[in-house]
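Structure first, commentary second.
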Amino acid sequence: ADLLGYRYETPRGTFYDVLDLSEDLADAGFPETSALAGSGLSRHWLDADLRIVFAKCKTDQRELFALSAYSLLSVLPLADKDYFYRQRIGLTEVLSALLNLHPPHFAIIDACGAAHGSGGRQFPKLIATNAVIAGVDPLAVDCITALKMGADPAASPLLAGLMAALAMPALANVAGSRARFADFLLPDPILAESTRARDASPVFASLTAPWLQQVDENLFPFKNLFDAKANTLIAHHLADLDRDPAAGYWLISWNFFFSWLNQSLYAWQVSADKDSVMRRVKAVSPETLACGPDDYAVMERELLDLEAWLNAACTEEKPMRWRYLNRAVVFDYHHTYPVPFEDFVRRVDISRTIQFMNDYIGGTVLPIERDADGRPVKQVERNLYLPQPNYLVWSGGKEIDVSKIESLVYAPERQRMFWKTIKSENQSATYDDGIVTFEAVGDGTRVTIFGRQLFALPPFWELVQLDRYPQLKNILVEDAYTTFFSRTFSNFEALLEQREIAIGRAWHKPKTTHDSPRRPIETLLKLAGELSEAAAPAIDGLLASGESVATTAGGRGKVQGKTDSQGFTHFRAGAHEPEPAVNNPATAWLSEFYQGYVQALGRDFANPHPYAATAGKQQPPEG
1 ADLLGYRYET PRGTFYDVLD LSEDLADAGF PETSALAGSG LSRHWLDADL
51 RIVFAKCKTD QRELFALSAY SLLSVLPLAD KDYFYRQRIG LTEVLSALLN
101 LHPPHFAIID ACGAAHGSGG RQFPKLIATN AVIAGVDPLA VDCITALKMG
151 ADPAASPLLA GLMAALAMPA LANVAGSRAR FADFLLPDPI LAESTRARDA
201 SPVFASLTAP WLQQVDENLF PFKNLFDAKA NTLIAHHLAD LDRDPAAGYW
251 LISWNFFFSW LNQSLYAWQV SADKDSVMRR VKAVSPETLA CGPDDYAVME
301 RELLDLEAWL NAACTEEKPM RWRYLNRAVV FDYHHTYPVP FEDFVRRVDI
351 SRTIQFMNDY IGGTVLPIER DADGRPVKQV ERNLYLPQPN YLVWSGGKEI
401 DVSKIESLVY APERQRMFWK TIKSENQSAT YDDGIVTFEA VGDGTRVTIF
451 GRQLFALPPF WELVQLDRYP QLKNILVEDA YTTFFSRTFS NFEALLEQRE
501 IAIGRAWHKP KTTHDSPRRP IETLLKLAGE LSEAAAPAID GLLASGESVA
551 TTAGGRGKVQ GKTDSQGFTH FRAGAHEPEP AVNNPATAWL SEFYQGYVQA
601 LGRDFANPHP YAATAGKQQP PEG
């Protein structure tokens, strides 16, 4: 606060405090259905008689503009907002949860002067707009400000998502001029698209952020030398993107390149290293939560009718049967385990069947109603799977992301769970409905999964029009379903053997509000240091394999000796006669460079804040 100019007293003598909203946390009462379930908020915010959000009028390279709703991120306690709230959950989900339960009472946007243009918050460019926009509804205030900027309010993904989640704000009672700000520039829409594509990756969003913004290093020194050097090299070229089209094209190109790298890495992870994929943390859609008893009853009747239709259409007896119906695949797949029914249902909880399926990467399940034994009989669930079949990821296939209602029926020798998709948050599925049945068969347990599925195809496969090649399409469909459900049944077998089936990598769990994961650049520098240390003996041995020349005290003569791995030169006793010198400048230069490189890495890790102790007006050293 001191660095930003706060003096804790107004010019008229009124004292004020600057509070840290990551401190003095209390239970905020977010329900289980909320994206912020379990998260606390500062008592300063919860107990305030009047909560005001005060934002600057500014553009943003990713969101197009960042106004009062975006500023509400400061209310949330974890310091690394981008990682924990935008990347892990999603800005729309967390801010709609906050606005639903603990909104501000008033919103003010300072538009006396605004930061406009493609530089956004990273390279703010001042324009006189001479306005203040205020109101009790932050979304309405943001909409009016966006209109005065000359923007479509829904062009911001955040504001569009909040309006969809919380309803369109009323603008009927707006007082004052609604005229557009003169000469106000919005960010290049292609730049905004490319920034969103780049920042979809937690790695590249964190890696590039320090390099692509204007920073006063005297007040806010970088934590490592590499970021400081990269910022010095890159940032000044991006200071005026609206007047320098070449710089804008350069930034857009690099953004899309990082996005391509991220997509390629993700495709590799899905294909060959699923445990490295970050697990998904998502809340159930409001539409699913709004379903009532009648919706569950209709679902069960519809699925039973579909099951009867498949039984009539397929007379063959084999593990998998399927037919097309209205473009969807209607199928069933069964397997019998040599495990008594009671043992099977004790080890495999039918209410968690969705989570036990192949390639499940995250989601949420919330029981709505339980029976006398505490078992769920109605529940809602949001589940996410890796793209299916996996090879579609190489052509842009989406993750399967759906919210469902589910009902369960328990009998002594039979259990069933019905589910129906209510909403696909990323439009990856039109249908993803089904029934799973556990039933006793002699001394074993038969598991049958019946379903109806219709998933969106990537544009490439839509262009191919597989319907024109029915034999090829049938082969691909049969292979995809056989692969998926054989692996699902292998998961059930693993559960019976008490083996772990979860895939994916958990997000960093903060120990304090200011805890955050190691940045990618820190990981890369640490790895470089470790590799250098590991390679040091071999390289030093190679460089020291020749003879080195040293001068005796006083420079009276030259004698020949050997230089060891520590840099010490050893001479044979009594060697007083000068010998022919061995002169190898390339080897000497390489040895000096390598030793200096290792020493520099050591200094960087020993002092990660190289400029933190500099005097107030001292500039970081050049070079």
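Take the sequence shown: its position 539, counting from 1, is numbered 539 in the working numbering, and each next residue is one higher. Built from N, CA and C at the ideal position, the CB exists for glycine as well. The model shown is predicted, which means the values in this text are computed figures rather than measured ones.
Asked: My guess is that K282 and G362 are in contact by the Cβ rule of under 8 angstroms, so how many angstroms apart are they, rounded?; Found: 7 angstroms
Asked: Restricting to Cα atoms, I'd like to know which of Y391, R243, S351 is closest to E381.; Found: S351
Asked: Nearest-angstrom Cα distance between F344 and N326?; Found: 36 angstroms
Asked: Check whether the Cβ atoms of F341 and L495 sit closer than 9 angstroms, and answer yes or no.; Found: no
Asked: Residues in its own chain within less than 8 angstroms of V277 by CB, not counting five upstream and five downstream?; Found: Y266, Q269, V270, I361, L386, I503, G504, R505
Asked: Please list, in chain order, all residues of the same chain as T10 whose beta carbon is under 6 angstroms from its beta carbon, the five residues on each side excluded.; Found: none
Asked: Would you mind sorting M417 into buried or exposed? The rule is 16 or more other CB atoms within 10 Å of its CB.; Found: buried
Asked: Among the residues of its own chain, which have a CB less than 8 angstroms from the CB of S428, if the five just before and after it don't count?; Found: K398, E399, I400, D401, V402, F455, A456
Asked: Would T145 and A111 be called neighbours here (beta carbons separated by less than 9 angstroms)?; Found: yes
Asked: In the DSSP output, which residue or residues are listed as bridge partners for S42?; Found: L25
Asked: What do you reckon, are the CB atoms on L241 and A155 nearer than 9 angstroms?; Found: no
Asked: If we call anything under 9 angstroms between Cβ atoms a contact, is I521 one with H334?; Found: no
Asked: Smallest Cα separation from T488: which of G117, T353, T437?; Found: T353
Asked: What residue does the beta strand (DSSP E) around C112 start on, and which one ends it?; Found: 106 to 116
Asked: On the CB-based measure, 16 or more other CB atoms within 10 Å of its CB, does A553 come out buried or exposed?; Found: Its pLDDT being 47, under 50, A553 is placed unreliably in this model, and the coordinates cannot settle the point.
Asked: Roughly how many angstroms separate the alpha carbons of K378 and S407, rounded to a whole number?; Found: 4 angstroms
Asked: If you drop the 5 nearest sequence neighbours on each side, which residues of the same chain put their C-beta closer than 6 angstroms to that of F258?; Found: R198, F204
Asked: From V75 to R43, what distance separates their C-alpha atoms?; Found: 11 angstroms
Asked: If you check the beta carbons only, do P169 and C143 fall under 9 angstroms apart?; Found: yes
Asked: If contact is defined by three or more beta carbon pairs under 8 angstroms, each pair taking one atom from either stretch, is the segment 88 to 107 in contact with the segment 25 to 36?; Found: yes
Asked: Given this structure, state the Cα-to-Cα distance separating Y249 from I190, to the nearest angstrom.; Found: 9 angstroms
Asked: Distance, Cα to Cα, R243 vs L186?; Found: 13 angstroms
Asked: Quick one: using the 10 Å Cβ neighbour count with 16 as the cut-off for buried, is Q498 buried or exposed?; Found: exposed
Asked: Whole angstroms are fine: how far does the CA of F30 sit from the CA of K72?; Found: A small fix is needed here, since residue 72 is Leu in this sequence, not Lys. For L72 and F30, the distance between alpha carbons rounds to 16 angstroms.
Asked: Can you name, in chain order, every residue of its own chain whose Cβ lies under 6 angstroms from the Cβ of Q213, other than the five neighbours on each side?; Found: Q122
Asked: Between the Cα of P202 and those of N224, R180, R519, spot the shortest distance and give me the residue it belongs to.; Found: R519
Asked: Got a sec, what are the start and stop residues for the alpha helix (DSSP H) W211 sits in?; Found: Note, W211: premise wrong, no alpha helix (DSSP H); not H, not E.
Asked: Nearest to A182 by CA position, among T129, G135, K420, is which residue?; Found: T129
Asked: Going by beta-carbon coordinates alone, are R446 and T336 separated by less than 9 angstroms?; Found: yes
Asked: So P376 is in the beta strand (DSSP E); what residue range does that whole segment cover?; Found: 376 to 385
Asked: Taking L162 as the reference, which of L251, K229, L67 has the closest Cα?; Found: L67
Asked: Buried or exposed: which applies to L95, given that a residue is buried once 16 or more other Cβ atoms fall within 10 Å of its Cβ?; Found: buried
Asked: Can you list, in chain order, the residues of its chain with a C-beta nearer than 8 angstroms to that of H105? Leave out the 5 residues immediately preceding and following it.; Found: L50, R51, I52, V136
Asked: Just tell me which of I405, K511, F485, G5 has its CA closest to the CA of E287.; Found: I405
Asked: Using the C-alpha atoms, what's the distance from A140 back to L304?; Found: 46 angstroms
Asked: If you compare alpha carbons, which of M320, W309, L101, D216 is closest to A228?; Found: D216
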